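There are 2 protein chains.
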Amino acid sequence: MSSQLHLSQHAQRSSEQAIGFLMQQAVENADCISLAAGLVDEQSLPVTLARSAVNEVLGDEAAGRKILQYGTTQGPEPLRRVFRSYLADLEQSENELRDLPLSQIFLTTGSQQLLSLITQALFDPGDICLVAAPTYFVFIGVLQAAGARIIPVKADENGMCPDALQKTLETLKSEGQLHRVRLVYVVSYFENPSGVSVSTERRPQLLRLTQEYSTESRILLLEDAAYRELRYDGEVSPSIWSFDKERKTVILAQTFSKSFSPGVRVGLGVLPADLVKAVSDLKGNEDFGSAHLNQHVLARVLKNGSYRQHVEIVRASYREKRNAMLKACEQEFAGVPGVSWLHPSGGMYVWMRLPDHVHTGFDSEVFRQATQVEKVMYVPGELSYPFDWPARPKCEMRLSFGVQSVEGIQEGIRRLARAVKTVMKFNG
Amino acid sequence: MSSQLHLSQHAQRSSEQAIGFLMQQAVENADCISLAAGLVDEQSLPVTLARSAVNEVLGDEAAGRKILQYGTTQGPEPLRRVFRSYLADLEQSENELRDLPLSQIFLTTGSQQLLSLITQALFDPGDICLVAAPTYFVFIGVLQAAGARIIPVKADENGMCPDALQKTLETLKSEGQLHRVRLVYVVSYFENPSGVSVSTERRPQLLRLTQEYSTESRILLLEDAAYRELRYDGEVSPSIWSFDKERKTVILAQTFSKSFSPGVRVGLGVLPADLVKAVSDLKGNEDFGSAHLNQHVLARVLKNGSYRQHVEIVRASYREKRNAMLKACEQEFAGVPGVSWLHPSGGMYVWMRLPDHVHTGFDSEVFRQATQVEKVMYVPGELSYPFDWPARPKCEMRLSFGVQSVEGIQEGIRRLARAVKTVMKFNG
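Line order of the protein sequences matches chains A and B. Residue 368 in my numbering sits at position 361 of the first sequence, with consecutive numbering throughout. Residue 337 in my numbering sits at position 330 of the second sequence, with consecutive numbering throughout.
In structure tokens form, the structure reads like this:
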């Protein structure tokens, strides 16, 4: 018997991913204070609320049996109606989004499953996706596994720059590559990793450019709004999706993992009508539908108002942690030359930049000093760019305030500052 | 803006699938007694049990919070230990399978997700999968979406025929195609649709052939044991997996959807060690792990013994329904020439064969008479073969005793018999 196992191209492309390296580092550095983990704040997880909701939906035997039965691939229509109403609330829609057909709504296993399904539905190897630089590194991995060509587009503190998007699309057009562009990927609220949101002004601009360059085939815009409800201050921006009046361009991906519980694993997607069948076919092959019971639990807390109350608790908890991290950065990095960080209005991350020559990758002196000597772990910023992008900065760090307590955050930043100062030989 | 949406090859191949046509027929014939639906018996779904289990696992605030947090891609190790112990029980293993590394165990969203992941991990377009004829039609769809070449292998009342498997492999060898064979797919217990199990004698034979022909690259055997615990009489067969002492060839897929609840959506897989990373990478991209809460619920009922008690209730319920369907067939089809059916010892289906010239497909006279006149619906047997297989029989039907009550089964079979007799002009 030959012992050699032959893996598909897809599997081979999936093997060298940032998340894999990161998980390995997390295991190897389990004794560190983790400012790396993307887990959610555990203290505010809604144990009592979830238990009550389950008791309610399984309270009646006959109704309960239907809930323990298979649902449907997209999630049952009555539930999708509840989720549409929730979305209408977020969108401050006057007509409760009654004009949005329920057939365009998908309930998924977290929003991650939607990102994966969309990628499967759209990408053949060599097809192009435009992403902000930096962007969500797990999605970079999904694109790489699909063999996609990933082109980073400049982003600043107001999100992806329309000028840069236009320039990139124009270049692709002149190269005769516009027909390979499938998707523009935008994390519109409090992006992982940078914490930046796309400004209200830029939202319709990004949409319009996506539409304008859809001359060869339709380019879609995937709006990842995973962190949408984790807003701690600043204005409420309408979704990019809300500007897409024809609903042909934007795919909206949301999740209840951050605002309610990742262990319940419910995500919500809205798709252009003519993408529905393809994604439904793919999801049918994948699971026939996500866990039906969990969809009912979420629908219940949405309907009885307890979800909304819970989000306020979650926000208050994260706001305090965000403030603690920013304050600790100010104290501990005071006067260190060339070190700066963004002030996020939401989400779970502070994005820090060191001087260009001070690298932060797994093989860097800073990472070694942080994890081996000071016992603190972060996510190297370079993971948030396509690994084959020559221009990717190597001096950044993603610092999560998700899992640590306020004290853990303070101590973590103190240790990190010591590590950076040691490497930079800063004695100020 | 161009309105044309460009779908991937994968999505295009996913679009024309049996399950899609079937769902459409189910919607269009909603007024029929359904002997088609693959749903489970609703009356025996464990509402009280599931509610109690949730209350237990979420009973303690601190422990509950960890359960509402992210799990891990494969499911947390302590839970996988519980599932391994469950498997050891099924396998009547003396050493509790302590020699099976937990790293080779996956918790999935039903077993369907494992089938999908395995296909993604192994198949490039043109790669070959051998399947029993007939076999589980949803998996045929998954393979078609991957662009696989599907080769049916003769099966009889003892399951896939080793002689036929050998002949097929020998032919592929002589054609120089052995290097493209990735997988032998076997539903080992009470196959959907035929109700047939692979006999104990044949199990090691199928395994040995798979190993013997692994000369170019390793051929894997995917043992789909979804219906394993729905056994109503006859001997207990060891799994094919249990014969694979080196654990390099067989992938074992199981689910709790049939024996407990499809709405909770927990599946269980065991993989050869060197396939683990690929599948884990793919699953990481797909969802980071299935719903953590649900895994704890299943682990709880496995540990406290209530699962085992529940399976007995489920068995008793299905046994009664199976008996009712067989009895109704004997009464209603008595004397109709050329009509025969198999007597399943488990599972959810009775497989019926009409005379060769009496077709049963969606466009057949029998289907029309059944759904339009008599108001009863079944699954045409031809869906359970690759649609491009010239030899596929067109005169079979899959009759499910899963969802209907005993009375519904009796009435359904009565109607079906009337439809068949009308088309066959049988007045006996």
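Even glycine gets a Cβ: it sits at the ideal position worked out from N, Cα and C. Fair warning: this is a prediction, and the values are worked out from it, not measured in the lab.
Asked	Found
B/Asn434 burial status per 10 Å Cβ neighbour count (16 or more: buried)	exposed
The region 249 to 268 of chain A contacting the region 113 to 126 of chain A, beta-carbon criterion three pairs below 8 angstroms	yes
Which of helix, strand or coil DSSP assigns to B/Gln212	helix
Check whether A/Leu423 and A/Leu29 have beta carbons under 8 angstroms apart	no
Reduced DSSP secondary structure (H/G/I, E/B, other) of A/Gln261	strand
DSSP state of B/Phe146 mapped onto helix, strand, coil	helix
Close Cβ partners of B/Val430 (< 6 angstroms) along its chain, the five nearest in sequence each way excluded	Glu372, Val373 and Gln376
Collapsed DSSP secondary structure at A/Lys161 in the structure displayed	strand
Partner residues on chain B for A/Asn311, Cβ-Cβ distance less than 7 angstroms	Near A/Asn311 there are no residues of chain B at all, since even the closest Cβ is about 17 angstroms away, more than 7 angstroms.
In DSSP terms, what A/Arg238 is bridged to	A/Gly353
Proximity test, Cβ basis, 8 angstroms: A/Ile74 and chain B	yes
7 angstroms CB neighbourhood of A/Pro351 in its chain, flanking five on each side removed	Phe197, Gly202, Arg329 and Val357
Bridge partner(s) assigned by DSSP for B/Pro387	B/Met404
Closer than 8 angstroms to chain B by CB, A/Phe130	yes
Test: B/Ile26 CB closer than 8 angstroms to a CB of chain A	yes
Cα-Cα separation, B/Leu190 to A/Leu104	47 angstroms
C-beta contact flag for B/Gly78 and B/His299 at 8 angstroms	yes
Per-residue DSSP class, three states only, for B/Ala140	strand
Contact with chain A by B/Gly435, beta-carbon distance below 8 angstroms	no
Own chain, CB closer than 7 angstroms to B/Leu75, minus 5 neighbours either side, in chain order	Leu300
Supposed close pair B/Met384, B/Ala33 - CB separation, criterion 8 angstroms	7 angstroms
C-alpha gap between A/Arg72 and A/His13, whole angstroms	43 angstroms
Chain D residues whose Cβ lies nearer than 7 angstroms to that of B/Ser15	Protein chains A and B are contained in the structure displayed, whereas chain D is not.
Nearest to B/Asp96 (by Cα), restricted to the options B/Arg315, B/Asn62, B/Gly274 and B/Asp294	B/Arg315
Nearest neighbour of A/Leu214, chosen from A/His186, A/Pro245 and A/Val257 [CA to CA]	A/Val257
Whole-angstrom distance between A/Met355 and B/Phe146, CA atom to CA atom	40 angstroms
Alpha helix (DSSP H) segment containing A/Val304, residue limits	His299 to Lys310
Neighbour list for A/Pro269 in chain B, Cβ cutoff strictly below 7 angstroms	Gln76 and Tyr77
Cβ neighbours of A/Leu176 in the same chain (closer than 6 angstroms, five flanking residues each side left out)	Tyr220
Cβ pair A/Arg332, A/Leu237 closer than 8 angstroms	The sequence shown places Met at residue 332 of chain A, not Arg. Taking 8 angstroms as the Cβ cut-off, A/Met332 and A/Leu237 do not qualify as a contacting pair.
Min CB distance B/Thr367 to chain A below 8 angstroms	no
Proximal residues to A/Phe144 (C-beta, below 6 angstroms), its chain only, five neighbours per side dropped	Ala25, Leu390 and Ser391
Every unbroken beta strand (DSSP E) inside the region 74 to 117 of chain A [3 residues or more]	112 to 115
Cutoff 7 angstroms; reference A/Glu327; Cβ partners in own chain excluding five residues on either side	Val413
Short Cβ contact (8 angstroms threshold) for B/Arg58 with A/Val61	yes
Cβ pair B/Ser324, A/Gln11 closer than 8 angstroms	no
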